[in-house]
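What follows is a set of notes on a single structure, which appears directly below.
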Amino acid sequence: MLARFLIWRLKHVSDRQFISFLGVLIGFTSGLAAVVIKNSVHFISSLLHGTSKLEYANVLYMVYPTIGISIAVLFIKFVIKRPVRHGIPNVLYSISKTNGQINRHNMFSSVVASAFTVGFGGSVGLEGPTVATGAALGSNIGRLFHLNYKQTTLLLACACTGALAAIFKAPIAAIVFAMEVIMLDLTMWSIVPLLLASSTAVITSYFFLGMHVLYPFEVKIGFEMKDLPYYIVLGIFTGLVATYFTKMYMYINGLFDKIEKTYLKLLIGGLSLGIIIFFFPSLFGEGYLGINASLSGDYSYLFNNSLFYTLNDSFGALLILLALVTFFKVIATSITFGSGGVGGIFAPTLFMGANAGVLFAKVVHYFGFRNIEVNNFALIGMAGMIAGVLHAPLTGLFLIADISGGYQLFVPLMITATISYATVKSFESHSVYTVQLARRKELMTHDKDKNVLSLMRVTRLIEKNFSTINSDANLGDLVKVIAKSQRNLFIVVDKDNNFEGIVKLDDIREIMFQPEKYDIMFVRDLMIMPSVVIQHDESMADVARKYQYSDKFNLVVLQDGKYLGCVSRAQIFSTYRRMLKHFSED
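Heads up, the sequence shown is in full-length UniProt numbering, so the first residue is 1 and it goes up one at a time.
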């Protein structure tokens, strides 16, 4: 039936119409995924808070996250039996390395694992798992209908757009995110499926979760020119905090990567996370309640259920707690991930941004520089952090404006987001999403040339019609090989196929017609060792660089010293042109 449908589709429905229809379908399924994840977390969280007594809440906060992460780890280890990668890095990896193919289990595994992680208080968000679920749906729909790489990539972007639009109720920001972070070569007709996916997902979210904005915000005092210097300094401040976020996140994940035993990761992570949350209960879970409270000027969330409750009227204690929860949030988030939890970094980033904005405004007011509107700076601090941590200033700008309804502060949002991004770029070339991929040279960017090269593989370009000969063979034997060959390069190998050198036809042209030398000259005396060779797992960017700085037309490919074949300059160029046309097809 599927084969008959595909044949009918090719005859009656154009590619653009079909992709637009799939955009609607993916938007709907991504919206449903967001609803399921949100409601699952809300159910678990309500269940835990409803069964625990208030006087023991602080102690239970130490235990709950470890229980949730343990359930997630056991589910992944014994049910899924495969690793569940983080959402957005997994999407970027699939685009770069697996032609947009994502394992089927990601259509549900991230939902289950993240629901237990976040529902039990893991200090992460739900955006990454929602994106992972939507992207897996898009990838497998593309696989089902035998779509090509370009179409599958567009479906992945539609899925990410739909997931963010649904969970944040921010349709514009979701499209901007796809353009800025996910999409690599956006063409005009690609906008239509993205718009359809975003609008369908947000309508689905409205239907099940209501139409209220995620962070209700009332602009009491709009943008004033006198506040401009402070928004600029806020941009620098959030950029520095974002730099700290990225470096600390990578450092802690690096520490956990060195621990081989799963139970040891869980033990160390659970204990560390429990201690942090014991002292700072506001770090429990996503932190959305804390964000909303800070935007309304209520800072009691910093003191509730904590050892510092008696200091809730102290201004100094408020400043110290704001600084400490901002400092420890990324540590709690990183520990949650490192110990095996599944979640996203959007929520932690927004939480840190809100608290950093409040801290900045309170310090400015305390030292008497200017009586600035604290709530505005809490909101705009969120945009600065998103722009810095994700390296996505437009996403930070539109996301905060979308999810808060704070479009009256559009100008300061632009200023702070831009300066934060510029600041963090001075210290970090890549975001937390892309830094590991970049280190492994698996990252695709908006640079079309680099993207095409990253999709090319040395092993797929190897030509095997180069004749080989043993170094002990004489000139006569070599002449017989030359007579049957169509190439002017001859590869010298031993009996185990280990590469020893090459013989170029131009180097022996004068002596190959002298029969008297056939028995007295040997290949080992005629061969040379090439100055440049290629390893089978080298990136095409490195191969292209080798050709750029050499005059070679063919380079030998080796694997552990053994000869595999050769790669020609002409083959690389023709493949590159063909893939560039495919990659940029509109």
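Beta carbons: idealized from backbone N, C-alpha and C, even for Gly.
Sequence-distant residues of the same chain with beta carbon closer than 8 angstroms to residue i, five excluded per side
| i | result |
| --- | --- |
| Gly270 | Pro65, Thr66, Ile69, Ser70, Ser339 |
| Arg143 | Gln101, Thr152 |
| Lys38 | Leu126, Ile167, Leu209 |
| Ile508 | Leu475, Leu478, Leu526 |
| Tyr206 | Lys169 |
| Val486 | A small fix is needed here, since residue 486 is Gln in this sequence, not Val. Asn465. |
| Asn140 | Ile102, Arg104, Met107 |
Boundaries (first-last residue) of the alpha helix (DSSP H) holding residue i
| i | result |
| --- | --- |
| Leu558 | Run containing Leu558: none in the alpha helix (DSSP H); it sits in the beta strand (DSSP E), 554 to 559. |
| Gly501 | That residue, Gly501, is in no alpha helix (DSSP H); its beta strand (DSSP E) goes 499 to 504. |
| Ser306 | No alpha helix (DSSP H) holds Ser306; DSSP gives it neither H nor E. |
| Ala113 | 109 to 119 |
| Ile221 | Run containing Ile221: none; DSSP gives neither H nor E here. |
| Ser294 | 288 to 295 |
| Asp496 | Per DSSP, Asp496 belongs to no alpha helix (DSSP H) and is neither H nor E. |
| Val84 | Unbroken run through Val84: none, as it is neither H nor E. |
| Leu147 | From DSSP, Leu147 is part of no alpha helix (DSSP H); its letter is neither H nor E. |
| Tyr173 | For clarity, residue 173 is Ala in the given sequence; the question names Tyr instead. Counting along the chain, the alpha helix (DSSP H) containing Ala173 begins and ends at 171 to 177. |
| Asn253 | 228 to 257 |
| Ser404 | 393 to 404 |
| Asn376 | 374 to 389 |
| Phe208 | 191 to 209 |
| Phe337 | 315 to 338 |
| Ile482 | 475 to 484 |
| Val458 | Careful: Val458 lies outside any alpha helix (DSSP H) and carries neither H nor E. |
| Asn355 | 346 to 366 |
| Leu214 | It is not in any alpha helix (DSSP H) - Leu214 carries neither H nor E in the DSSP assignment. |
| Pro412 | 410 to 425 |
| Phe279 | 262 to 279 |
| Arg4 | 2 to 12 |
Where the beta strand (DSSP E) through residue i begins and ends
| i | result |
| --- | --- |
| Thr468 | 468 to 470 |
| Gly565 | 562 to 568 |
| Ile491 | 489 to 493 |
Beta-carbon proximity list for residue i, same chain, < 7 angstroms, skipping 5 on both sides
| i | result |
| --- | --- |
| Val73 | Thr262, Leu266, Gly340 |
| Val325 | Phe280, Ser282, Leu283, Leu302, Asn355 |
| Thr416 | Tyr231, Leu234, Gly235, Thr238, Ile380, Ala383, Gly384 |
| His146 | Leu6 |
| Leu32 | Thr204 |
| Val36 | Val111 |
Assigned exposure category for residue i - 16 Cβ within 10 Å defines buried
| i | result |
| --- | --- |
| Leu314 | Reading the sequence as shown, one finds Ser at residue 314 and not Leu. Exposed: under 16 other Cβ atoms inside 10 Å. |
| Ile528 | exposed |
| Asp586 | Note that Asp586 scores a pLDDT of 49, beneath 50, so its modelled location is shaky; the value from the coordinates is reported in the next line. Result: exposed. |
| Ile372 | buried |
| Pro348 | buried |
| Gly396 | buried |
| Phe573 | exposed |
| Leu264 | exposed |
| Met414 | buried |
| Met211 | exposed |
| Val13 | exposed |
| Ala293 | buried |
| Leu497 | The sequence given here has Asn at residue 497, not Leu. By the neighbour-count rule (16 or more Cβ atoms within 10 Å), Asn497 is not buried but exposed. |
| His49 | exposed |
| Asp402 | buried |
| Ile44 | buried |
| Asn46 | Looking at the sequence shown, residue 46 is not Asn but Ser. By the 10 Å Cβ count, Ser46 comes out exposed. |
| Lys258 | exposed |
| residue 588 | With the chain represented from 1 up to 586, any question about residue 588 goes unanswered, as that position is not in the structure. |
| Thr459 | exposed |
| Phe245 | buried |
| Val393 | Here residue 393 turns out to be Pro, not Val, going by the sequence shown. Buried: at least 16 other Cβ atoms inside 10 Å. |
Spatial neighbours of residue i in its chain, beta-carbon cut-off 6 angstroms, leaving aside the 5 residues before and after
| i | result |
| --- | --- |
| Lys546 | Val532 |
| Ala422 | none |
| residue 596 | The structure shown does not extend to residue 596, since the chain is modelled only from 1 to 586, so the question has no answer here. |
| Ala201 | Gly27, Ser30, Gly31, Gly162, Ala165, Ala166 |
| Met512 | Val479 |
| Val131 | Gly87, Ile88, Cys160, Ala163 |
| Arg577 | none |
| Arg569 | Tyr547, Phe553 |
Report yes or no: do three or more beta-carbon pairs, one from the region 463 to 476 and one from the region 283 to 297, lie closer than 8 angstroms?
-> Under the Cβ criterion (8 angstroms, minimum of three pairs), the region 463 to 476 does not count as touching the region 283 to 297.
Touching by the beta-carbon criterion (3+ pairs, under 8 angstroms), the region 363 to 370 and the region 208 to 218 | no
At least 3 beta-carbon pairs within less than 8 angstroms: the region 76 to 93 vs the region 116 to 126 | no
For the region 482 to 491 and the region 457 to 470, state whether three or more C-beta atom pairs, one from each stretch, are separated by less than 8 angstroms.
-> Yes, the region 482 to 491 is in contact with the region 457 to 470.
In chain order, which continuous runs of the beta strand (DSSP E) of length 3 or greater are located wholly inside the region 515 to 560?
-> 554 to 559
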